[in-house]
Amino acid sequence: MYFIVVHLVAAIVLLLWAVRMVRTAVERAYSAQLKRTLARAEQSALAAASVGAVMAIALQSSTAVAALASGFASGGLLAGATGLALVLGAYFGSAIVASILSFDLSLLIAPLIIVGGVLFLRGAERRTKQLGRMVLGIAFVLLSLQMVSEATAPWRDSELLGSVVNYLKGDPWTGFLVAALITWLSYSSVASVLVIITFGAAGIIPLEIATALVLGANLGGTLIAYGMTRGGDVRARRIAIGAIMLRGGAALACLVLMQIWPLAAIGLPGNVGQQASLLHIAFNFVVMVIGLPLSAPVSDLLNRLVRDAQAGEGGDVSRFRQTALSGGHKGSVDMALASATRELLRMSEMVEVMLQPVIEILKSGDKVAIRRVKALEPEVDQSNSSIKLFLAQLEWEAMDESQTARASDLSNYAVSLEQAADIIARPILRVADQLVERRLTFSEEGWGELIDLHARVLSNLQLALNVLISEDLESARQLVAEKDAVGVMERQSMGGHFSRLRSGNTNSFETSELHLETVRSLRRINSLICGIAYSILSEHGELLGSRLARRPAVR
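Okay, structure coming up:
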């Protein structure tokens, strides 16, 4: 019995890790594309749900989609109703993933491992390696499910299992709550549902218990999203609470109905595992269909009921009052540089908070959001001054070459971040003011270009933080490539803008200078935040000399 339990636990741990492995590979390879797709989900509730479903299938995780949606909602890039519709679509997408992976695909395990291993080990490009990681992850998911089936085979005739099954038949609420708790702790509803389906297919549990467990896993999946947003921005919390109300409430209602209307009356085809899989898909599809028209009224209700504990103009600023340099630099040089790096991360987070709501500000002219952005600019300036003073007080004569280079890189990047904050708080906010004063809006095509460019710059800021911390050569190469890609996007946007002018588009005529100024500003911000990559490449001999690595930022 001991070895059977160990085998089962190992299989479940492998399943959780494999699902996470696939998600990580997709995020690393296609992060920018995913975020640009997410940024354009505002067209309708159905479009948002479709985007959520596709992203959940790609990431094999509704939790990852909920995390992305929460980040966009926190920055004002995603309305509450749209975010809720997107998350409901993601839950349906993850149900489809669980159903597909539950089929007997054991013959594919060996080929997938070979293909994935070759791509990961021999691939020269980052995206090729991540594709290999994704294929390996899918193979390990299938392998773990096979291990679960093998580990549970000796239990099928167990007296202890019979007693547990009989108890759960009479008390489905226990199974429901246990499944919700395990799903919440494992941070993966896909993995939980796959284990339940596998148990059902193996004949270990009957349909009544499998259904109660699946419903509990659905409730647990919504609790994951709430746990991620607890203590965060109120706009993200509203989406998570709305998902609990709709999906969690539906799970509770279905469990009650189960006790009134026996599932045997439905007459589903296949074994218990297949039946549970169909019920899981049907449940999430019905929740999505019913929830889409309710997403707007539920969002409005939550806007009134769920208030921001730190509401006000200083709410965002107060998060950044604690500096990482308060401990001084009495320790070693490496410790001092680590403190300066932490302060740069704090500074980068402030710039990110300023950059996130830019599209929403340009669209609505939200005065509260504008005041919050302006309130953060002095904090960024102060952080830049503190970092430069802190590094200047180090004993540079006693530092080796690598420490000197690192200190110089940190100082230069602090200046770049300060300049990026200036661009956000001045040229971009001036554009927003003029749009409001003159009652102008960009053309539909112009908005699409700005949304794509803004999402790309936000993604590059996060990549730049990874480069700052890890000093990873491959990530630095990718960041330089992203800088070039944004330059191409700028030229394409300008070309499209001039084409609209030639075609006589009224909106383009009225907003011409404002559109071009916004595009130039976003490109300049991107150039500033990508500067950290040049020093990393220079240190590895991939740039001729250090002039490119140390080139001054241009305002």
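Sequential numbering from 1 applies to the sequence shown in the UniProt record's numbering.
Just so you know, even glycine gets a beta-carbon here, dropped at the ideal spot from N, CA and C.
Residue range of the alpha helix (DSSP H) that residue i falls in?
i	result
Gly248	Taken as a continuous stretch (DSSP letters only), Gly248 belongs to no alpha helix (DSSP H), as it is neither H nor E.
Thr441	From DSSP, Thr441 is part of no alpha helix (DSSP H); its letter is neither H nor E.
Glu397	From DSSP, Glu397 is part of no alpha helix (DSSP H); its letter is neither H nor E.
Tyr226	207-229
Gln356	Unbroken run through Gln356: none, as it is neither H nor E.
Ile424	Careful: Ile424 lies outside any alpha helix (DSSP H) and carries neither H nor E.
Ser102	Element bounds for Ser102: n/a, residue is neither H nor E.
Val234	234-243
Ile113	109-122
Asp484	473-502
Glu517	512-529
Gly273	272-305
Ser192	189-201
Pro172	172-186
Ile532	532-539
Ile57	45-59
Spatial neighbours of residue i within its chain, please: CB distance less than 6 Å, with the 5 preceding and 5 following residues excluded, ordered by chain position.
i	result
Glu490	Val519, Arg523
Glu352	Leu461
Gly531	Ser416
Ala338	none
Leu544	The predicted model places Leu544 with a pLDDT of 43, which falls under 50 and marks its position as unreliable; any figure quoted below should be read in that light. Once the five neighbours on either side are set aside, Leu544 has no close Cβ partner at all.
Ser70	Thr229, Ala236
Leu528	Ser416, Gln419, Ala420, Ala553
Express the C-alpha separation of residue j and residue i in angstroms, rounding to a whole number.
i	j	result
Ser546	Ser538	Because Ser546 sits at a pLDDT of 39, beneath the cut-off of 50, its placement in the model cannot be relied upon, and the following sentence gives the value as read from the coordinates. Taking the straight line from one Cα to the other gives about 6 Å.
Ile290	Ala45	12 Å
Ala11	Val234	38 Å
Leu88	Ala58	16 Å
Arg133	Pro111	14 Å
Trp17	Asn412	39 Å
residue 574	Val193	The structure shown has nothing for residue 574, since the chain only spans 1 to 555.
Ala420	Ser385	15 Å
Ala95	Trp184	16 Å
Ala407	Asp104	55 Å
Thr211	Ala90	20 Å
Ser188	Gln259	27 Å
Leu136	Leu435	50 Å
Asn284	Ser144	25 Å
For residue i, which residues of its own chain have a beta-carbon under 7 Å away from its beta-carbon, when the five flanking residues on both sides are left out?
i	result
Ile370	Ile361, Leu429, Ala432
Leu84	Ile239, Gly242, Ala243, Ser295, Val298, Ser299
Ile138	Val22, Leu112
Gly123	Lys129, Gly132
Lys388	Ser411, Ala414
Within its chain, find whatever has a CB closer than 8 Å to the CB of residue i; leave out the 5 residues flanking it on each side and keep chain order.
i	result
Thr341	Leu410, Leu468, Ile469
Val118	Gly132
residue 557	Absent from the model: residue 557. The displayed extent of the chain is 1 to 555, so no value can be given.
Gly312	Residue placement at Gly312 is poorly supported in this model, since its pLDDT is 47, which falls under 50; the coordinates still yield a value, given next. Excluding residues within five positions, none has a Cβ falling inside 8 Å.
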